[in-house]
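As they're listed, the protein sequences go chains A and B.
Each residue of the first sequence is one higher than the last, beginning at 1 in the working numbering.
Each residue of the second sequence is one higher than the last, beginning at 217 in the working numbering.
For each residue, glycine too, the CB sits at the ideal point set by N, CA and C.
Keep in mind the model is a prediction, meaning the values are calculated, not measured.
Structure first, then comments.
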Amino acid sequence: MSAREEILARLRAATRDVTTQQGARGELAVTAASAESPARTLELFVHNVADYRARVERCSPGDVATSIAAALVRGGAHRVVVPDGLDASWIAPLRDSGIRLVPDRADDGRPLSSAELDEVDAVVTAARVGIATTGTIVLDHDTDQGRRVLSLVPDQHVCVIRADRVVHDVPDAVSLLDPLRPLTWISGPSATSDIELDRVEGVHGPRILDVIVIEP
Amino acid sequence: MPSFQRAARDALANTQQRRNLAHATATIRAKRERVVGEVDRWEDLRVAGAEAKDEALHHLPDYLEQLEANLTARGATVHWARDADEANAIVLGLIRDKGADEVVKVKSMLTQEIELNERLEEAGIHAWETDLAELIVQLGHDRPSHILVPAIHRNRAEIREIFLREMGSVGRPAPKDLTDEPAKLAEAARLHLREKFLRAKVAISGANFAVADTGTLVVVESEGNGRMCLTLPETLISLVGVEKVLPTFADLGPMLQLLPRSSTGERMNPYTSMWTGVTPGDGPQEVHVVLVDNGRSRVLADEVGRQALRCIRCSACLNVCPVYERAGGHAYGSVYPGPIGAVLNPLLRGTGSEVDKSLPYASSLCGACFEACPVRIDIPQLLVHMRTQVVDEASGRSPEALGMKAAAWTFADHRRLETAQRASSLSGRLLGNRTVRSVPGLGAWTQARDVPTPPKETFRQWWRRTHEDES
Ligand code: SF4
Numbered sequence: 001m002s003a004r005e006e007i008l009a010r011l012r013a014a015t016r017d018v019t020t021q022q023g024a025r026g027e028l029a030v031t032a033a034s035a036e037s038p039a040r041t042l043e044l045f046v047h048n049v050a051d052y053r054a055r056v057e058r059c060s061p062g063d064v065a066t067s068i069a070a071a072l073v074r075g076g077a078h079r080v081v082v083p084d085g086l087d088a089s090w091i092a093p094l095r096d097s098g099i100r101l102v103p104d105r106a107d108d109g110r111p112l113s114s115a116e117l118d119e120v121d122a123v124v125t126a127a128r129v130g131i132a133t134t135g136t137i138v139l140d141h142d143t144d145q146g147r148r149v150l151s152l153v154p155d156q157h158v159c160v161i162r163a164d165r166v167v168h169d170v171p172d173a174v175s176l177l178d179p180l181r182p183l184t185w186i187s188g189p190s191a192t193s194d195i196e197l198d199r200v201e202g203v204h205g206p207r208i209l210d211v212i213v214i215e216p
Numbered sequence: 217m218p219s220f221q222r223a224a225r226d227a228l229a230n231t232q233q234r235r236n237l238a239h240a241t242a243t244i245r246a247k248r249e250r251v252v253g254e255v256d257r258w259e260d261l262r263v264a265g266a267e268a269k270d271e272a273l274h275h276l277p278d279y280l281e282q283l284e285a286n287l288t289a290r291g292a293t294v295h296w297a298r299d300a301d302e303a304n305a306i307v308l309g310l311i312r313d314k315g316a317d318e319v320v321k322v323k324s325m326l327t328q329e330i331e332l333n334e335r336l337e338e339a340g341i342h343a344w345e346t347d348l349a350e351l352i353v354q355l356g357h358d359r360p361s362h363i364l365v366p367a368i369h370r371n372r373a374e375i376r377e378i379f380l381r382e383m384g385s386v387g388r389p390a391p392k393d394l395t396d397e398p399a400k401l402a403e404a405a406r407l408h409l410r411e412k413f414l415r416a417k418v419a420i421s422g423a424n425f426a427v428a429d430t431g432t433l434v435v436v437e438s439e440g441n442g443r444m445c446l447t448l449p450e451t452l453i454s455l456v457g458v459e460k461v462l463p464t465f466a467d468l469g470p471m472l473q474l475l476p477r478s479s480t481g482e483r484m485n486p487y488t489s490m491w492t493g494v495t496p497g498d499g500p501q502e503v504h505v506v507l508v509d510n511g512r513s514r515v516l517a518d519e520v521g522r523q524a525l526r527c528i529r530c531s532a533c534l535n536v537c538p539v540y541e542r543a544g545g546h547a548y549g550s551v552y553p554g555p556i557g558a559v560l561n562p563l564l565r566g567t568g569s570e571v572d573k574s575l576p577y578a579s580s581l582c583g584a585c586f587e588a589c590p591v592r593i594d595i596p597q598l599l600v601h602m603r604t605q606v607v608d609e610a611s612g613r614s615p616e617a618l619g620m621k622a623a624a625w626t627f628a629d630h631r632r633l634e635t636a637q638r639a640s641s642l643s644g645r646l647l648g649n650r651t652v653r654s655v656p657g658l659g660a661w662t663q664a665r666d667v668p669t670p671p672k673e674t675f676r677q678w679w680r681r682t683h684e685d686e687s
């Protein structure tokens with residue numbers, strides 16, 4: 001018998017006593033906390049993101065580019081990678097600020113290698129969903145968010161999210177996400193508490209996380 | 217293998233470890249209580265979590281077949297392993313196919329359970345642990361002592377020593393002027409590991425969840441080492457215990473509310489990665505999933521014991537356990553320490569060895585582990601269930617076996633337990649300090665042994681009285 005057949009047979013034998021049908025538990029219970037209002041949800045999101053020692057800023061659609069530039073200057077970034085599909089108006093003014101923009105795909109269409117990415121200081125991405133109760137941003141790596149490594153290897157991540165993409169609780173986010181895409185949930189910068197439980201920001205992922213919320 | 221009691225006695229003599237542990241468990245306990253308190257429907261969440269796991273476990277073969285079909289449809293290759301040897305052989309074969317002589321690893325309890333690192337080393341393949349705590353344990357030629365913070369028994373000065381002494385022999389050395397500041401130690405680990413991430417061709421991970429209806433695997437972490445392993449190398453091999461299955465993607469909703477709050481006491485851990493097979497142009501282009509039994513079908517066959525397979529390895533039960541807090545993780549003689557280890561190890565391996573026989577006794581049956589468990593595993597009930605098994609096996613229908621069966625009945629239901637505890641502490645108050653010489657109904661058993669005087673209060677009453685200020 002193959003390992004597969006044998007394991008499945010063992011498991012079938014082990015569950016012979018089960019009399020319920022598959023799916024007998026019925027509909028999944030609602031476990032999401034509910035929102036008082038969209039404004040409260042957004043406040044909670046901003047509060048919880050900041051609580052993780054990420055830098056969070058709210059701005060109007062007209063000020064996105066300025067906020068991004070200011071965040072990059074604060075982080076001391078010189079070389080910044082941007083995903084192909086990022087809103088061009090967000091980063092156009094950067095070209096005059098002495099910050100060098102590095103496209104993920106060079107003219108020959110080849111994506112940056114890990115070693116090349118390691119030479120980059122920061123990344124600017126959009127986000128698919130934000131979660132208020134946990135202060136989380138979720139990337140689904142669509143073209144405005146780029147490949148997974150882009151938001152991982154550089155030391156600063158500037159993430160821009162539209163206010164209408166912030167949901168209240170975790171199950172709300174799960175129901176919006178496409179499971180067939182790779183998903184990265186980010187709650188604050190990289191952190192460890194492995195040494196005497198002292199929280200230290202930044203081991204391998206970006207040590208600086210800026211979240212910019214665009215309000216209509 | 218020493219019994220728990222012997223190992224615990226040695227561990228108790230290690231005052232450094234006891235101090236580290238007491239500090240750590242108290243800190244995590246307080247954080248956990250705070251963030252669990254923020255959630256209004258915590259009890260509903262626990263029930264939803266337990267139901268999701270039970271649904272998967274009760275129909276495990278069907279969900280595994282569904283998982284396999286979805287993984288395969290998304291470009292992953294699925295392997296099945298009956299036991300540790302088979303799992304290790306599959307992984308070794310895959311690494312050899314790639315011509316690699318090293319792999320980077322995300323923290324995984326299952327790979328520790330099957331001793332994958334040791335098998336790979338024997339075959340000449342270096343397996344680099346990339347979680348900071350696992351790195352400390354690996355460089356220190358040591359064993360993990362906690363599910364969540366495996367190097368909890370080490371302090372910063374020891375970690376500095378280990379880094380200075382060992383890093384150079386396996387890669388980029390620690391800076392000469394390394395201090396014992398946690399930020400500096402983390403920085404040294406960052407630099408040491410980054411060269412390994414950037415050159416690794418093959419990575420090995422576990423999974424916190426494997427979703428049957430989509431084929432999605434989930435890894436929950438803090439540092440970003442997981443994301444490095446899951447996205448940089450060309451080939452990713454994930455070892456997944458068959459009990460990790462969740463029926464639907466929507467089940468991740470409650471699970472991701474339960475796990476971080478129970479585990480690190482955070483609203484959400486810094487990073488969670490989800491991937492479904494291969495994504496063209498992003499991340500590893502060759503993805504393997506090894507589904508491992510290694511004793512799990514045996515646990516599933518035990519109708520009482522199978523609830524232990526709900527465990528999502530959050531470690532909340534360790535942090536509230538007064539026995540773990542004093543004995544430390546090594547005394548449990550396995551990768552699964554604490555209350556859950558005390559039941560899971562003998563369930564997985566049987567009660568043949570000295571340590572597995574002793575583990576069901578490594579508890580005060582105070583019930584704190586059940587209250588903390590996000591998926592409502594009734595660990596006290598399981599401990600008594602396993603004690604019955606140990607005693608039955610030793611002597612057939614001995615008086616002890618019958619006594620333990622009565623206890624099993626009592627512990628099987630919390631109301632019965634509390635009534636019995638109240639009754640016994642009441643009789644304790646009536647008896648004063650006199651030793652009980654006989655108990656009606658236990659007859660022969662108490663003629664040979666003195667029954668300790670029942671305490672005047674239950675453990676939980678005592679805990680509340682003496683620890684009021686901490687909660
Ligand atoms: S038994 Fe429960 S509390 Fe203990 S580690 Fe498992 S899930 Fe967490």
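Check: Considering only residues of the same chain and omitting the five flanking positions on each side of B:Glu439, which have a CB-CB separation below 7 Å?
Finding: In the second sequence, residue 439 of chain B corresponds to position 223, counting from 1. Excluding sequence neighbours, B:Glu439 sits near Asp347, Leu348.
Notebook entry, point to check: Which residues in the same chain as A:Arg53 place their Cβ atom closer than 7 Å to its Cβ, once the five residues preceding and following it in sequence are excluded?
Noted result: For this step, residue 53 of chain A is matched to residue 53 along the first sequence. Exclusion of the five residues before and after A:Arg53 leaves Gly188, Pro189, Glu201 as the residues of its chain whose Cβ lies within less than 7 Å of its Cβ.
Note to self: Quick check on B:Thr327: buried or exposed, where buried means 16 or more other Cβ atoms within 10 Å of its Cβ?
What the structure shows: For the purposes of this step, residue 327 of chain B is taken as residue 111 along the second sequence, with counting starting at 1. Its Cβ being crowded by 16 or more others within 10 Å, B:Thr327 is buried.
Check: Given B:Gln605, which residues of its chain have a CB within under 7 Å of its CB, disregarding the five upstream and five downstream residues?
Finding: Reading the second sequence from its first residue, position 389 is the one you call residue 605 of chain B. Take B:Gln605, set aside five residues on each side of it, and the residues of its chain with a beta-carbon closer than 7 Å to its own are Thr567, in chain order.
Next item on the list: Give a single yes or no on whether B:Pro538 has its beta carbon closer than 8 Å to a heavy atom of the ligand SF4.
Entry: Mapped onto the second sequence, residue 538 of chain B falls at position 322. B:Pro538: no, Cβ never under 8 Å from the ligand SF4.
Notebook entry, point to check: Within the 9 Å Cβ cut-off, does B:Leu564 reach chain A?
Noted result: Counting from one through the second sequence, the residue named residue 564 of chain B turns up at place 348. Judged by the 9 Å Cβ criterion, B:Leu564 is not in contact with chain A.
Next item on the list: For B:Ala300, I'd like the list of residues in its chain whose CB is within less than 6 Å of its CB, leaving aside the five on either flank, ordered along the chain.
Entry: For the purposes of this step, residue 300 of chain B is taken as the residue at position 84 of the second sequence. The residues are Ile330, Asn510.
Margin query: Looking at the strands, I want to know which residues DSSP matches up with B:Glu437.
Written below: Within the second sequence, residue 437 of chain B is the residue found at index 221, counting from 1. Paired residues: B:Tyr487.
Next item on the list: Give the straight-line distance between the Cα atoms of A:Glu43 and B:Asp396, rounded to the nearest whole angstrom.
Entry: What you label residue 43 of chain A is simply residue 43 of the first sequence in a count that begins at 1. What you label residue 396 of chain B is simply residue 180 of the second sequence in a count that begins at 1. A straight line joining the alpha-carbon of A:Glu43 with that of B:Asp396 spans about 38 Å.
Notebook entry, point to check: Could one say the Cβ of B:Val503 lies closer than 9 Å to chain A's Cβ atoms, at least one of them?
Noted result: As a position in the second sequence, residue 503 of chain B is number 287, starting the count at 1. Chain A contact via Cβ: absent.
Next item on the list: Indicate the three-state DSSP secondary structure (helix, strand or coil) for A:Ile131 in the structure shown.
Entry: Position 131 of the first sequence, counted from the start, is the residue given in the question as residue 131 of chain A. Residue state, collapsed to three classes: strand.
Note to self: Are there any heavy atoms of the ligand SF4 lying less than 8 Å away from the beta-carbon of B:Ser531, as far as the coordinates show?
What the structure shows: By one-based count along the second sequence, residue 531 of chain B stands at place 315. Yes, Cβ of B:Ser531 sits closer than 8 Å to a heavy atom of the ligand SF4.
Margin query: At a threshold of 8 Å, does B:Ile244 count as lining the ligand SF4 (C-beta to nearest heavy atom)?
Written below: Taking the first residue of the second sequence as position 1, residue 244 of chain B is located at position 28. False, no ligand heavy atom lies under 8 Å from that Cβ.
Check: Just how far apart, CA to CA, sit A:Asn16 and A:Arg181?
Finding: Within the first sequence, numbered from 1, the residue matching residue 16 of chain A stands at position 16. Within the first sequence, numbered from 1, the residue matching residue 181 of chain A stands at position 181. Looking at the sequence provided, one finds Arg at residue 16 of chain A rather than Asn. Spanning the two alpha carbons is a distance of roughly 36 Å.
Margin query: Among the candidates B:Ala223, B:Arg248, B:Ile244, B:Phe220, whose CA atom is the shortest distance from the CA of B:Arg477?
Written below: For the purposes of this step, residue 477 of chain B is taken as residue 261 along the second sequence, with counting starting at 1. The residue with the shortest Cα to Cα distance from B:Arg477 is B:Arg248.
Margin query: I'd like to know if A:Trp185 contacts chain B, where contact means its C-beta is closer than 9 Å to some C-beta of that chain.
Written below: Locating residue 185 of chain A in the first sequence gives position 185, counting from the first residue. A:Trp185 counts as touching chain B.
Margin query: Taking 8 Å as the cut-off, is the beta-carbon of B:Gly521 closer than that to any non-hydrogen atom of the ligand SF4?
Written below: As a position in the second sequence, residue 521 of chain B is number 305, starting the count at 1. For the ligand SF4, no non-hydrogen atom lies closer than 8 Å to the CB of B:Gly521.
Notebook entry, point to check: For B:Gly583, does the count of other Cβ atoms within 10 angstroms reach 16, so buried, or fall short, so exposed?
Noted result: The residue you call residue 583 of chain B lines up with position 367 of the second sequence. By the neighbour-count criterion, in which a residue is buried when 16 or more other Cβ atoms sit within 10 angstroms of its Cβ, B:Gly583 is buried.
Margin query: Once the 5 residues before and after A:Asp118 are set aside, which same chain residues still bring their CB inside 7 Å of it?
Written below: The sequence position of residue 118 of chain A within the first sequence is 118, counting from 1. Sequence-distant Cβ neighbours of A:Asp118 in its own chain, meaning closer than 7 Å and more than five residues away, are Val153.
Notebook entry, point to check: Between B:Ala404 and the rest of its own chain, which residues show a CB-CB distance below 8 Å, the 5 nearest in sequence each way excluded?
Noted result: Along the second sequence, read from residue 1 onward, the residue named residue 404 of chain B stands at position 188. Hits under 8 Å: Phe379, Met383, Ala390, Pro391, Leu394.
Margin query: Residues of the stretch 131-144 of chain A in Cβ contact with chain B at a cutoff of 8 Å, in chain order, please.
Written below: Within the stretch 131-144 of chain A, the residues whose Cβ lies closer than 8 Å to some Cβ of chain B are Ile131, Thr133, Thr134, Gly135, Thr136, His141, listed in chain order.
Note to self: Residues in the same chain with beta-carbon distance under 6 Å from B:Met490, minus the five sequence neighbours each way, listed in chain order, please.
What the structure shows: For this step, residue 490 of chain B is matched to residue 274 along the second sequence. Around B:Met490: Thr432, Val434.
Next item on the list: Select from A:Ser60, A:Arg55, A:Val149 the residue whose C-alpha is nearest the C-alpha of A:Asp104.
Entry: For this step, residue 104 of chain A is matched to residue 104 along the first sequence. Residue A:Val149 is the option with its Cα nearest to A:Asp104.
Note to self: Can you pull out the residues from the stretch 487-502 of chain B whose beta carbon lies closer than 8 Å to at least one beta carbon of chain A?
What the structure shows: Result list: Tyr487, Thr488, Ser489, Met490, Trp491, Thr492, Thr495, Gly497, Asp498, Gly499.
Next item on the list: Please list, in chain order, all residues of the same chain as B:Arg234 whose beta carbon is under 6 Å from its beta carbon, the five residues on each side excluded.
Entry: The sequence position of residue 234 of chain B within the second sequence is 18, counting from 1. Closer than 6 Å at the Cβ level, and outside the excluded window around B:Arg234, lies no residue.
Margin query: Following a CB-centred definition, is B:Ile593 positioned closer than 8 Å to any heavy atom of the ligand SF4?
Written below: As a working note, residue 593 of chain B is residue 377 in the second sequence. Under cutoff, so the answer is yes.
Margin query: Using 8 Å for Cβ pairs, my map puts B:Ala428 next to B:Val456. What's the rounded Cβ distance?
Written below: Position 212 of the second sequence, counted from the start, is the residue given in the question as residue 428 of chain B. Position 240 of the second sequence, counted from the start, is the residue given in the question as residue 456 of chain B. Between B:Val456 and B:Ala428 the Cβ distance is about 12 Å, and since that is not below 8 Å, they are no contact.
Check: If B:Val320 sits next to B:Pro449, beta carbons under 8 Å apart, how far is it from one beta carbon to the other, in whole angstroms?
Finding: For this step, residue 320 of chain B is matched to residue 104 along the second sequence. For this step, residue 449 of chain B is matched to residue 233 along the second sequence. Correct: roughly 7 Å between the Cβ atoms.
Note to self: Output needed for B:Val539: all residues of its chain with C-beta closer than 7 Å, excluding positions within five of it in sequence on either side, in chain order.
What the structure shows: What you label residue 539 of chain B is simply residue 323 of the second sequence in a count that begins at 1. The residues are Ala578, Ser579, Ser580.
Notebook entry, point to check: How long is the line joining the alpha carbons of B:Val571 and A:Gly135, rounded to whole angstroms?
Noted result: Reading the second sequence from its first residue, position 355 is the one you call residue 571 of chain B. Reading the first sequence from its first residue, position 135 is the one you call residue 135 of chain A. Distance between the alpha carbons of B:Val571 and A:Gly135: 44 Å.
Next item on the list: Provide the residue(s) that pair with B:Pro360 in DSSP beta bridges, ordered along the chain.
Entry: In the second sequence, residue 360 of chain B corresponds to position 144, counting from 1. As far as DSSP is concerned, B:Pro360 takes part in no beta bridge.
Notebook entry, point to check: When the Cα atoms are used, what is the spatial distance from B:Cys537 to B:Gly554?
Noted result: If you number the second sequence from 1, residue 537 of chain B lands on position 321. If you number the second sequence from 1, residue 554 of chain B lands on position 338. So the two alpha carbons sit approximately 7 Å from each other.
Next item on the list: Enumerate in chain order the residues of its own chain whose CB-to-CB distance from B:Gln663 is below 6 Å, with the five nearest sequence positions on each side excluded.
Entry: Translated into positions along the second sequence, residue 663 of chain B becomes position 447. Reliability fails at B:Gln663, whose pLDDT of 38 lies under 50, so the model's placement of it is uncertain and the value that follows must be treated cautiously. So the list is empty, once near-sequence residues are dropped.
Margin query: Please list the terminal residues of the continuous alpha helix (DSSP H) segment that includes A:Arg25.
Written below: Walking along the first sequence from the start, residue 25 of chain A turns up at place 25. Element bounds for A:Arg25: n/a, residue is neither H nor E.
Next item on the list: Assign A:Pro61 to buried or exposed, taking buried as 16 or more other Cβ atoms, counted over all protein chains shown, within 10 Å of its Cβ.
Entry: Along the first sequence, read from residue 1 onward, the residue named residue 61 of chain A stands at position 61. It is exposed - the Cβ of A:Pro61 has fewer than 16 other Cβ atoms within 10 Å.
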